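Protein chains in written order, with the working numbering: chain A, 1 to 266; chain B, 1001 to 1387. Don't be surprised by glycine CBs; every beta carbon is placed ideally from N, CA and C. Since the structure is predicted, the reported quantities are computational estimates derived from the model, not experimental observations. The next block holds one structure in the form of structure tokens; read it before the comments.
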Amino acid sequence: MPVNMIVCCKQVPDPEAPPAVFKVVNNKMTLPPEVKPVIGQYEEFALEAALKIKDTAGGKITALSLGNNFVRDVIKKALAVGADELVLLEDKAFEDGDSWSTANALAAAIKKIGAYNIIFCGRQSSDWDAGQVGLGIAEILGIPAVTLARKVEVSDGKAKVERVIPDGYQVVEVTLPVLIIVTSGIGALRYATLKGIMAAAKKQPAVWKPADIGLEPSKLGAAGRRSKLDKLFQPVKESKCEIIGGDTAAEAGAKLAARLREAKLL
Amino acid sequence: MDFDLSEEQNLTRQAIRAFAERQIAPIARELDEKEKFSAELTHKMADLGLLGCFVPEKYGGSNMGYISYAIAVEELARVDASQAATIAAGNSLGIGPIYYFGNEKQKQEWLPRLCSGECLAAFGLTEPDAGSDAGSSRTTATLEGDYWTINGHKIFITNSACPLTGVIIVQAVTGKHEDGKPEISCLIVPSDTPGLTAKEMKDKMMWRASNTGELFFDDCIVPEANLLGKRGDGFHQMLATLDGGRLSIAAMGLGGSQAAFELALQYANSRIQFGRPIGSFQVNAFKLADMALEIELARNLLYKTCWLRENGRPITKEAAMAKLFCSEVMRRCVHHAVQLHGGYGLMKDYEVERLYRDQRILEIGEGTSEILRIVIARNIGVSGRAI
């Protein structure tokens, strides 16, 4: 059975960038231009989960992303690795949302896309790490959700999902449609082939504005937040160096142990 | 004028860079040390579509144009010159002649296998006594009945003696023109043809994980239909093939320069001497500035030349310039990079050591810097052919 899949992909600042380049100005994170955006790592796992199903069962993958000022070369990677279509919710109104306003907008877009069997999300974004949007979408759409998936198989209108748990994994079976939240165990996203890149370059993403998904601007982005960001700051880290000496190695060792206990580290 | 790369070109860079950093970088040093060609890595690169970059999809290629091809080779060379060499030679020297000069039957027979990475093609041009003077080939092919009989000896042939080698395009003397000059033609010789012996050449200074072979043709017989293009067109085919090949070598020089620059910059910013990073000394900062400047110029020249080729313009002069400049820029970049690394730069633990060795061939293969200056001189109105 061909499976219709939607994968939520977020464009995030490259998490590999050195922490020192991230600055907080007026409660907002700012980045120098040399930090390029990428598709979030967990969303890449979600894409790979969908591609694996397409490999075996066939089907269609629509990549969906919400934000503003998408870098086309970055977000089109989803097409280059094998997604069939790309839908961008791209507008200033979508900026600075919280998990609820983001889930609400994505759910509205998914309703507009229509027929779907599985929605894939990453377990959390690589920038804010809230990990709520996937479950939020499932709640709004009224469909079941399975979290922490490391393997997904589809047959007879059902999905068999291996869920990661602390001591191993459990296998759950769920009816479709379902929202599946993917973790790293699924395996790294495959590389784009040059043919895939050529095909992706010829495709244009569908760009939807708030009106296209029938949502009031007051429910979107910063205006639609239900949680307010009170304070964003970078903790100041201090490091001190203390030399513990001694006439012999044994004496120095004993002094070090005493000092560590004093500092409540032992 | 538009200097922006297209989406497809940017995506190509991202994809090949990610692949090279994750799949090649961790084993590049070991392959270099063991002087080992990796069939597994070659297959992985072929799976990405790196063989047949400029070949239409109906023959199994990726059909992506020369700028994207140059970017792909550049990104491979930034991580490992040997893997870049396998791909560059496989495309420009192996696939190129069959795609550009082969008849439909030859293309159907070979291109899908070559583009999928099932096998590699090599270009048998250089001989022990015919290097820069490629017209002085002594390898002969004699037509008797419906068959060519080839006798001769080729040397320094990339991809010609590895487990994946499937076919050699051999340049041979097939007769004499009326003016007494040799008639040169190219023949397609499957690597399992009786009378062809391939021997791997070992103990190279550079490109140690790329395969280099020496070929012996001893009454090696192939059907008349294995002639590539027209009889007597071999010399022209070779020159055109080398024009394309020079873009690949230029891309390798560019990628290697970029790697040397990045390593040098990182080291210069972190190595402390006299209480400050060595990059903050003007004498070193200027080295880095020169590297960045020359890389910018090299990249512009190479991409422009690729653009000319994509638009069907002649590129003989520009390809010679790009290859010459990119390979010499890399020489200066690796020199600076090793100098900035000091004693550490001489150790195999540091990547600049391999870059330094891998640079050297770029001024020799596919036209020495001296020959390239002659090519340029002949194309800018200097009088006389013999320069």
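Could you say which of Asn1103/B, Ala1172/B and Leu1263/B lies nearest to Leu1288/B if we only look at CA atoms? Leu1263/B
For chain B, check one thing: does any of its Cβ atoms lie closer than 8 Å to the Cβ of Ala103/A? no
Contact defined as beta carbons within less than 8 Å: I believe Leu1355/B pairs with Ala1337/B. What is the distance between those atoms, to the nearest angstrom? 7 Å
C-alpha distance - Asp247/A paired with Gly1343/B, whole-angstrom precision: 36 Å
Provide the residue span of the beta strand (DSSP E) that contains Tyr1147/B, from first to last. Tyr1147 to Thr1158
Give me whichever residues DSSP pairs with Tyr169/A in a beta bridge. Val164/A
The beta strand (DSSP E) enclosing Ala216/A, as first and last residue numbers: Checking the displayed sequence, the identity of residue 216/A turns out to be Glu instead of Ala. Where Glu216/A is concerned, there is no enclosing beta strand (DSSP E), given that its DSSP letter is neither H nor E.
First and last residue of the alpha helix (DSSP H) that includes Gly142/A? It is not in any alpha helix (DSSP H) - Gly142/A carries neither H nor E in the DSSP assignment.
Please decide whether Ile197/A counts as near chain B, where near means a Cβ-Cβ distance under 8 Å. yes
At a CB distance below 8 Å, what residues from the region 1001–1019 of chain B approach chain A? Give them in sequence order. Ser1006, Glu1007, Glu1008, Asn1010, Leu1011, Thr1012, Gln1014, Ala1015, Ala1018 and Phe1019
Check the Cβ of Ser1062/B against every Cβ in chain A and list those closer than 7 Å, keeping chain order. Leu194, Lys195 and Met198
Could you name the residues of the region 52–74 of chain A whose beta carbon sits closer than 7 Å to any beta carbon of chain B, in the order they occur along the chain? Arg72 and Asp73
Distance cutoff 8 Å, beta carbons only. Does Tyr42/A sit that close to anything in chain B? no
By the 8 Å beta-carbon criterion, what residues does the region 1029–1054 of chain B contribute toward chain A? Asp1047, Leu1048, Gly1049, Leu1050 and Cys1053
I'd like to check one pair, Leu1076/B with Ala1084/B: are the Cβ atoms closer than 8 Å? yes
Determine the closest residue to Ser101/A out of Arg123/A, Leu135/A and Val3/A, with distance taken between C-alpha atoms. Leu135/A
Using 8 Å for Cβ pairs, my map puts Ile53/A next to Val152/A. What's the rounded Cβ distance? 6 Å
Minimum C-alpha distance to Ala1259/B - residue among Gly1102/B, Trp1307/B, Ser1280/B and Tyr1350/B: Tyr1350/B
Whole beta strand (DSSP E) elements within the region 1048–1111 of chain B, 3-residue minimum: none
Closest Cβ-Cβ distance between Glu1057/B and chain A: below 8 Å? yes
Counting Cβ pairs closer than 8 Å, one from the region 1109–1120 of chain B and one from the region 1169–1182 of chain B, do we hit at least three? no
Mind the definition here: the region 74–94 of chain A touches the region 228–239 of chain A only if three or more C-beta pairs lie below 8 Å; say whether that holds. no
Less than 8 Å between the CB atoms is what I'm expecting for Ala201/A and Ser1006/B, so what's the real figure, rounded? 7 Å
Of the choices Gly1232/B, Gly1345/B, Gly1052/B and Lys1323/B, whose alpha-carbon is the least far from that of Thr1086/B? Gly1052/B
In the DSSP assignment, find the alpha helix (DSSP H) that holds Ala105/A and state where it starts and stops. Ser99 to Ile113
Taking Cβ-Cβ distances shorter than 8 Å, what residues in chain B pair up with Ala201/A? Ser1006, Glu1007, Glu1008 and Leu1011
Let me confirm a value: Phe1306/B is counted as buried when at least 16 other C-beta atoms fall within 10 Å, else exposed. Which label applies? With the sequence shown as reference, residue 1306/B is identified as Cys, and Phe is not the correct amino acid for it. Cys1306/B is buried by the Cβ-count criterion.
Cβ contact check for the region 1324–1333 of chain B and the region 1277–1296 of chain B: 3 or more pairs under 8 Å: yes
If you reduce the DSSP assignment to three classes, tell me which class Arg1389/B lands in. The question about residue 1389/B has no answer, for chain B in this structure spans 1001 to 1387.
Would you verify that the beta carbon of Ala206/A is, or is not, closer than 8 Å to some beta carbon of chain B? no
For the alpha helix (DSSP H) that contains Gly1253/B, what are its first and last residues? Gly1234 to Ser1270
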